[in-house]
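Written below as structure tokens is the structure these notes are about.
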Amino acid sequence: MKIFQQSFKFLAIVSVLFFSTASFANSSTEGGGQIDTKKEVEDYILHHIQDSHDFSLFSYTSDAGERKHVGFPLPIIIWTSNGLTTFMSSKFHHNDDGHVIVEKNGLKFAKIHSKIYELDATASEVSFDKDHHAENAHKVLDFSITKSVVGVLLIGLLMFFWFSRLARQYKKKAIPTGFSRVLEPLVLYVRDEIARPNIGEKHYRKFTGYLLTVFFFIWILNLLGLTPFGFNVTGQLAVTACLAIFTLIIYTTSGNKDYWMHILWMQDAPWWIRPILAVIELAGTFIIKPFSLLVRLFANISAGHIVVMSLIAIMFTLKESLGVVGATTLSLVLSFFITLIEVLVAFLQAYIFTMLSALFIGMAVAEHDHDHAHDEQGQEIPDAEDVRGDFI
Amino acid sequence: MEPVTYNLIGAGLIVIGAGIGLGQIGGKAMEGIARQPEATGKIQTAMIIIAALLEGLAFGALFLGK
């Protein structure tokens, strides 16, 4: 009982300290200049959540007062009014507010908030009107190899290497060795726990390839996002939207007659209710299902990154009130446990995306007039399609 | 009040709603598992799917309100 009281006291003290001092942490003076810590932290987190044109590991201010960036540049590939233009992102010198102008192919470019603008011939700097539309410049089509693209390519190559090795080992010895032993149970898990029960015995083989790819792609990219390299690939709307569109295409193209009848002209319903149901079903199939897939993954991963980085930022924001050791300890403990939870979330989100994809595909290929399997007593064994009907 | 404050109130309401929903799902699934431990696997699958659907709704609302 005493331990409870003590830990409760400790919690109370920590929370009082936390909430009462948070408001004082807004500003701190360092090296003579006023630094708004809260603003810096916010900018840093927002910058991390966005995609960027260069691979920046960290930056520091040297003794001479110069800002040094450590990382490597990535190629910028843009479609301009003069056709395809490429140059390295190092030409922007890590500038993100449009002050550094790059000239290439007789055109001038500026980068503002990770967006590249092509300046008009006479302009020397991008200027914005009231609605934040550029007046003397326009955006270009951007096909750059950004940080997220590097992440996707990296994981693509890695997965190709891992799984082709696994396949080769099955051909040779039938028992995988080394790292492939980690992959085998996961592959079996996706096949036996996700694909088979949700899609049904008859059709699951055709879709297992896609489900495995999407599962490992999301899972490994989620885990990559937890490393200090600062990737945030599955937290990009473009990536998750693309994955959701793949699922949409697959379940739309593989739908059978029953499925389309169910959407467009529901049997067993009064005739006047059928058009209303059709509208709802169409909206559900083509908008809500992919939208929920893409937003769930995006929001979970982004929220996770924001939480982890905010907890790391406690180190700086509470430095004045808790002292260097106190703030660092608090931040370390909190961010350690949140990172552990994030490891779980990384798997869970990959699982849920794959699971729901399998479910949607299963709904599209389900056959309704099928015979049930029977057990020894001659009783019907309900299969996954019947169980699914109970909760969908 | 500024619009940002309304957004935050809305976010709070969404989180309350989602929290109640998730609590219901989790609690009922616990009860189900306690009554019938041999059905744990099926209950968990159904639970996760419904939780995911609810989560999608909540995140959709948060996302639109941003």
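Chains Y and W, in that order, give the protein sequences.
What the first sequence shows, in UniProt numbering, is residues 1 to 392, in sequence order.
What the second sequence shows, in UniProt numbering, is residues 1 to 66, in sequence order.
Backbone N, C-alpha and C define an ideal beta-carbon position, used for all residues, glycine too.
Within the region 30–92 of chain Y, the runs of beta strand (DSSP E) at least 3 residues long that lie entirely inside it are, in chain order, 33–36, 54–61, 67–73, 75–80, 83–88.
If you ignore the 5 residues before and after S180 of chain Y, its C-beta comes within less than 8 Å of the C-beta of W162, R165, L166, Q169, all in its own chain and listed in chain order. In this structure, Y:D142 is the residue among Y:S59, Y:K130, Y:D142 with its C-alpha nearest to the C-alpha of T85 of chain Y. V279 of chain Y has its alpha-carbon roughly 8 Å from the corresponding atom of L264 of chain Y. Between V70 of chain Y and S148 of chain Y, the gap from beta carbon to beta carbon reaches 7 Å or more. Annotation: the continuous beta strand (DSSP E) that includes K108 of chain Y extends over 107–112. Here the C-alpha atom of Q50 of chain Y lies approximately 11 Å from the C-alpha atom of I306 of chain Y. Within the region 292–304 of chain Y, contact with chain W at the beta-carbon level (separation under 9 Å) is assigned to S292, L293, V295, R296, F298, A299, N300, A303. Residue pairing for F179 of chain Y: DSSP places it in no beta bridge. Cβ-Cβ distances below 8 Å link F246 of chain Y to Y210, V214 in the same chain, with the five nearest sequence neighbours on each side left out; the list follows chain order. For A52 of chain W, the chain Y residues whose C-beta falls within less than 7 Å of its own C-beta are R296, I352, L356, listed in chain order. Residue pairing by DSSP puts V102 of chain Y in a beta bridge opposite Y:F109. The three-state secondary structure of A137 of chain Y, taken from DSSP, is strand. Distance check between G83 of chain Y and each of Y:L226, Y:E118, Y:P73 places Y:E118 closest, using alpha-carbon atoms only. By the C-beta criterion, the region 339–356 of chain Y is judged to be in contact with the region 215–223 of chain Y, since at least 3 inter-stretch pairs fall below 8 Å.
Judged by their CB atoms, I20 of chain W and A29 of chain W are not nearer to each other than the 7 Å cut-off. Between the region 298–316 of chain Y and the region 324–331 of chain Y, the count of Cβ pairs shorter than 8 Å is three or higher; the stretches touch. For L318 of chain Y, no alpha helix (DSSP H) encloses it, and the DSSP letter there is neither H nor E. Excluding five sequence positions before and after M266 of chain Y, the CB atoms of its chain that fall closer than 6 Å to its own CB belong to R274, L277, given in chain order.
Look at L119 of chain Y here: in three-state DSSP terms it is strand. Using beta-carbon distances, E55 of chain W counts as an interface residue toward chain Y, with a partner under 7 Å. With 16 or more other Cβ atoms from the protein chains shown falling within 10 Å of its own Cβ, D54 of chain Y counts as buried.
Beta-bridge annotation (DSSP): D142 of chain Y is paired with Y:I78. Residues of chain Y whose Cβ lies closer than 8 Å to the Cβ of L62 of chain W are, in chain order, A299. Counting only runs of at least 4 residues, the region 265–323 of chain Y fully encloses the following alpha helix (DSSP H) elements, listed from N- to C-terminal order: 274–283, 289–317.
Secondary structure of D131 of chain Y (DSSP, three-state): coil. Per DSSP, D258 of chain Y has no beta bridge partner at all.
By alpha-carbon distance to M309 of chain Y, the top candidate from Y:K172, Y:E342, Y:D131 is Y:E342. Within its own chain, the residues whose Cβ lies closer than 6 Å to the Cβ of I145 of chain Y, once the five positions on either side in sequence are excluded, are L74, P75, listed in chain order. Contact annotation for L359 of chain Y against chain W: I49 [CB-CB distance below 8 Å, chain order]. For D192 of chain Y, DSSP records no beta bridge to any residue. In this structure the region 84–100 of chain Y does not lie against the region 150–158 of chain Y, because fewer than three pairs of beta carbons, one per stretch, are closer than 8 Å. Within the DSSP bridge table, the entry for D96 of chain Y names no partner. Judged by beta-carbon spacing, V239 of chain Y lies beyond the 7 Å limit of G60 of chain W, meaning their Cβ atoms are not closer than that value.
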